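Notes follow the structure.
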Amino acid sequence: MAHRMGRDLLPEVYVNRLLGIVALLLVPSLVQAAPCRVGDVVRIVGDVRVERPTRQFTPFIGVKVCMGDRFVTGPSSIVELRLRDGSLVTVGKDSEFTIREYRIYRDKPNVATFDLARGAFRSITGFITRRAHRYEVRTKVATIGVRGTDFWGGYGLTENGLDVIMLEGKGVYVQTAEGTVELDKAGLGTTVVPGAAPTQPKSWGEDKVKRAVATITP
Numbered sequence: 010m011a012h013r014m015g016r017d018l019l020p021e022v023y024v025n026r027l028l029g030i031v032a033l034l035l036v037p038s039l040v041q042a043a044p045c046r047v048g049d050v051v052r053i054v055g056d057v058r059v060e061r062p063t064r065q066f067t068p069f070i071g072v073k074v075c076m077g078d079r080f081v082t083g084p085s086s087i088v089e090l091r092l093r094d095g096s097l098v099t100v101g102k103d104s105e106f107t108i109r110e111y112r113i114y115r116d117k118p119n120v121a122t123f124d125l126a127r128g129a130f131r132s133i134t135g136f137i138t139r140r141a142h143r144y145e146v147r148t149k150v151a152t153i154g155v156r157g158t159d160f161w162g163g164y165g166l167t168e169n170g171l172d173v174i175m176l177e178g179k180g181v182y183v184q185t186a187e188g189t190v191e192l193d194k195a196g197l198g199t200t201v202v203p204g205a206a207p208t209q210p211k212s213w214g215e216d217k218v219k220r221a222v223a224t225i226t227p
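Under this note's numbering, the first residue of the sequence shown carries the number 10, and numbering increases by one thereafter.
What follows is the structure, given as structure tokens:
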């Protein structure tokens, strides 16, 4: 009787071991899922595509945003992202914008870095910039750093150049290997062309501001 019971228990032992192995195999998947706690897509107009390391797909309202996601928009299309800290990022028309890194810490500076390969964007920062932080948008010609503000950056207003304007807030710096400028008042902007320092900050005219806004407005 006891011998028969022992044999009956063997399958249960094997099942438990198999479950343990399956759990271990699932750990990498759980780790990979963690970077998707970046934010959500809150608005879509037109043709928008998300390129993720594992797949490409058409996003929908409420879909989670992951580190590494590249948002690609069509000529008349935009997408808006609401990040965990409340920051709002608008990816403009005919643009390519990547969430490179996004981390909120308790005991060290917060980090949010993005890449703009083409097109334009607007960012209104949330609480991530209320304490020590690194909030940057990297482009082919310059790095845009943010101290806590509402700002726009993009290509297309100046031939072969990147334009940046601070719309409101504490300040923006624009940095290249040749130099750095600070935009410390609302309405100040700068232009960067390859191989040169950013131009000295100056107020943009109404027409240029309208053209910038048009790139992120459907």
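Every residue, glycine too, gets a C-beta built ideally from N, C-alpha and C. Keep in mind that this is a model prediction, so the values were computed, not measured.
Alpha carbon of residue i to alpha carbon of residue j, nearest angstrom
i      : j      : result
Arg131 : Phe160 : 6 Å
Val100 : Gly48  : 14 Å
Ala223 : Val98  : 15 Å
Thr199 : Val181 : 10 Å
Thr158 : Val146 : 13 Å
Pro207 : Val57  : 31 Å
Arg93  : Arg46  : 7 Å
Gly195 : Gly178 : First, the amino acid is wrong: residue 195 is Ala here, not Gly. Cα to Cα, the separation comes out at about 7 Å.
Lys219 : Ile113 : 34 Å
Gly135 : Pro227 : 24 Å
Val150 : Thr185 : 7 Å
Val183 : Leu192 : 8 Å
Segment limits, alpha helix (DSSP H) that includes residue i
i      : result
Val222 : Glu215 to Ala223
Endpoints, the beta strand (DSSP E) within which residue i is located
i      : result
Ala129 : Ala129 to Ile133
Gln184 : Val181 to Thr185
Val190 : Gly188 to Leu192
Phe136 : Phe136 -> no beta strand (DSSP E), and no H or E assigned at all.
Gln65  : Arg64 to Phe66
Leu197 : Leu197 to Val201
Met175 : Leu171 to Gly178
Asp49  : Gly48 to Val54
Gly154 : Thr152 to Val155
Glu145 : His142 to Arg147
Proximity winner among the options, relative to residue i (alpha-carbon distances)
i      : options                           : result
Ala126 : Arg156, Arg93, Gly165 and Gly71   : Gly165
Glu215 : Glu187, Thr189 and Leu197         : Leu197
Pro210 : Ala121, Ala221, Asp116 and Asp172 : Asp172
Gly83  : Asp116, Ile53 and Lys149          : Ile53
Ala138 : Gly154, Asp193 and Gly188         : Before going on, a small fix: residue 138 reads as Thr here, not Ala. Cα-wise, what sits closest to Thr138 is Gly154.
Val51  : Glu187, Ser104 and Leu90          : Leu90
Thr167 : Val81, Lys217, Val59 and Arg115   : Lys217
Ala121 : Ile225, Ser104 and Arg156         : Arg156
Thr152 : Pro44, Glu187 and Leu176          : Glu187
Ser96  : Tyr144, Glu60 and Gly128          : Tyr144
Buried versus exposed call for residue i [16 or more other C-beta atoms within 10 Å across all chains shown]
i      : result
Ile70  : exposed
Asn230 : This structure gives no information on residue 230, because the portion of the chain shown stretches from 10 to 227.
Lys117 : exposed
Ser85  : exposed
Original post:
Is the number of C-beta pairs between the stretch 70–82 and the stretch 91–108 that are closer than 8 Å three or more?
Top reply: yes
**OP:** Mind the definition here: the stretch 47–66 touches the stretch 199–214 only if three or more C-beta pairs lie below 8 Å; say whether that holds.
**Re:** no
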